[in-house]
């Protein structure tokens, strides 16, 4: 009996020593980041379960709390990244009402035109108009350049973050191997702490989920189902960055057309997945950077390009509406004589109550399909047609019918294209059929950038800075609208001689008719701005004056920044809550550990007393 008691007490002492060691380790690491509280599990052993032994040393935490922590970490990284960039975009436009804000600069230009209309004989008033316009184009270009700098920054961060995420994946796979091959519970717990910490760090880059395996390893997947780590195997992430981005740089699933970098996941088996594709990543800082680079910032650039194009068109273009005749509409060839590459004829056709635009874009080249995003209506069916030479009613009708036939093949079910008939005598082009809702043409009136005077109020006030080119919206070669905000400038000829601002075909004396008409064109006349800009929705073109559109851009960016900041603040609260919940379940509570230590010391003392009693008993027996 004494021998059994001695054995039981010895086992108890050993178990208590191990437990006290674990408590001491917990206390020592109470402030260590990533450390998870350990507990000792004891089991009965010996005859009739008379003894005790250490079963295992395990980590204690709430698995659901850990999953929630990773989910909120990913969300917080996403919202924080977006909020930071959107705040920077908003700052570029300035605070509405400030003298240096974009809307104030535009108002200064329109007020200068109004002042010139009142004082057309003052050379200083003309100079004020030109200087105000120059400041305006410089500011628009500066904002657009900053937007591209932000895109380039996102490209650079994607490269860095992809490399860091790739390193974490390799490390997690290596820790999986160590955890599965280690028999020492205490050592394994340390490895698992390190692995969990790295998985949580990975969740700030990517939206991930984990699956625990029976061998102690963990599999890591994206929420879209891409396996990143499977036991000891890790997917390799690579990023083919393109350096400095321009307004033309864009993502495409076709590698031959893609001009920005993408993340390629190379699976252990050799297969590859493009993680830069839409929907592949849904949260985390990398997903936010991709969204900013490929969607948010390009839309901001498009808004500025549309503003630049609207500035130029408002002063140089005219809109010709078709004349209704029953269910038909007619355009006169005399109104279309100045047709230039990029000028459009818009034909709304119906299918029941629904209406869809067919946009025919003039070109020097043979006709072909057009990406609708390159027009003002992203939902339109667009087609180019070659400007005939000579331009007559008959030749133009032939060109338009060919374009309409080609476009009709791409119209949704229920829609059909009209036909065009020419009247050689009257010069009328009559559009018929297709449940026609109307016809209109947008024509650039001046023949060239040097045509500063004429029997019309329109003037090529703004030009494409590359060669002082007339802005017509041409799609030939490259899309003139793309990146126009960075190239728009005041006509160089107008800078040298501003007298054409107050010229008039009916009198040689300066007068205020033209500056007043230019003022009205900017502040009152409605223009059609593209649905791709996102102003007024993305399903239809937006109608507004140039001044109104500029104000709406500033308002939209301000609202987006405010919304992103609010969302980020809410996500920060959610992350703090998740961190607190996990810390409660996994962190070391000093008071609990000290209480546990007292219990263990009491048990240790009890086992020691048993040993002492057994020893005294044996000594007594030996003395008999």
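In the working numbering, the protein residues as written are 1424 to 2047. Built from N, CA and C at the ideal position, the CB exists for glycine as well.
Taking every protein chain shown into account, the CB of residue 1704 has 16 or more other CB atoms within 10 angstroms, so this residue is buried.
The straight-line gap separating the alpha-carbon atoms of residue 1545 and residue 1941 is approximately 17 Å. Under the DSSP assignment, residue 1498 falls in the alpha helix (DSSP H) whose first and last residues are 1486-1516. Three or more pairs of CB atoms, one per stretch, sit closer than 8 Å, so the region 1848-1864 contacts the region 1761-1772.
DSSP, read as helix, strand or coil, puts residue 1740 in strand. Taking 4 residues as the shortest admissible run, the region 1603-1635 contains the following complete alpha helix (DSSP H) segments, listed from N- to C-terminal end: 1608-1626. The DSSP-derived three-state label of residue 1773 is strand.
Between residue 1531 and residue 1498, the alpha-carbon positions lie close to 43 Å from each other. In this structure the region 1895-1913 does not lie against the region 1873-1882, because fewer than three pairs of beta carbons, one per stretch, are closer than 8 Å. Judged by beta-carbon spacing, residue 1810 lies beyond the 8 Å limit of residue 1852, meaning their Cβ atoms are not closer than that value. Residue range 1936-1946 is occupied by the alpha helix (DSSP H) that includes residue 1938. A contact between stretches requires three or more CB pairs, one per stretch, nearer than 8 Å, and the region 1961-1974 fails this requirement with the region 1479-1490.
Sequence-distant partners of residue 1791 (beyond 5 residues in either direction) whose C-beta falls short of 6 Å from its own C-beta, in its chain, are 1807.
Where residue 1536 is concerned, the enclosing alpha helix (DSSP H) starts and stops at 1525-1541. Under the DSSP assignment, residue 1887 falls outside any alpha helix (DSSP H), being part of the beta strand (DSSP E) whose first and last residues are 1885-1887. If you ignore the 5 residues before and after residue 1939, its C-beta comes within less than 7 Å of the C-beta of 1540, all in its own chain and listed in chain order. Secondary structure in the region 1974-2038: no beta strand (DSSP E) run of 3 residues or longer lies completely within the stretch. For residue 1828, no beta strand (DSSP E) segment is defined; the enclosing uninterrupted segment is the alpha helix (DSSP H) at 1816-1831. For residue 1461, the CB contacts under 8 Å within the same chain, skipping 5 residues up- and downstream, are 1445, 1448, 1449, 1480, 1481, 1482, 1483, 1609 and 1612 in chain order. From the listed residues 1670, 1516, 1690 and 1953, the smallest Cα separation to residue 1655 is found for 1690. Within the region 1648-1716, the complete beta strand (DSSP E) segments of 3 residues or longer fall at 1650-1653, 1659-1662, 1686-1689 and 1695-1697, listed in chain order. Secondary structure in the region 1535-1600: no beta strand (DSSP E) run of 3 residues or longer lies completely within the stretch.
Between residue 1566 and the set 1682, 1606, 1525 and 1626, the nearest pair of CA atoms involves 1525. Closest option to residue 1748, judged by alpha-carbon separation, among 1862, 2008 and 2041: 1862.
Judged by DSSP in its simplified three-state form, residue 2043 adopts helix.
At the C-beta level, residue 1627 and residue 1568 stay beyond 8 Å of one another. Take the alpha-carbon of residue 1944 and the one of residue 1876: they are about 17 Å apart. Separation of residue 1700 and residue 1720 (C-alpha to C-alpha, rounded to the nearest whole angstrom) is 17 Å. Proximity to residue 1652 across 1665, 1757, 1727 and 1632 peaks at 1632, based on C-alpha coordinates. Its chain contains 1767, 1769, 1798, 1800, 1803 and 1805 as the residues whose beta carbon lies nearer than 7 Å to that of residue 1782, once the 5 sequence neighbours on both sides are disregarded; these appear in chain order. Between the alpha carbons of residue 1788 and residue 1777 lies a distance of about 32 Å.
Taking a cut-off of 8 Å for Cβ pairs, the region 1968-1978 and the region 1727-1739 touch, as three or more such pairs fall below it.
Using a Cβ distance threshold of 8 Å, residue 1518 and residue 1562 do not count as a contacting pair.
Beta bridge pairing from DSSP links residue 1751 with 1748. Distance between residue 1638 and residue 1598, taken at the CA atoms: about 13 Å.
DSSP, read as helix, strand or coil, puts residue 1958 in coil.
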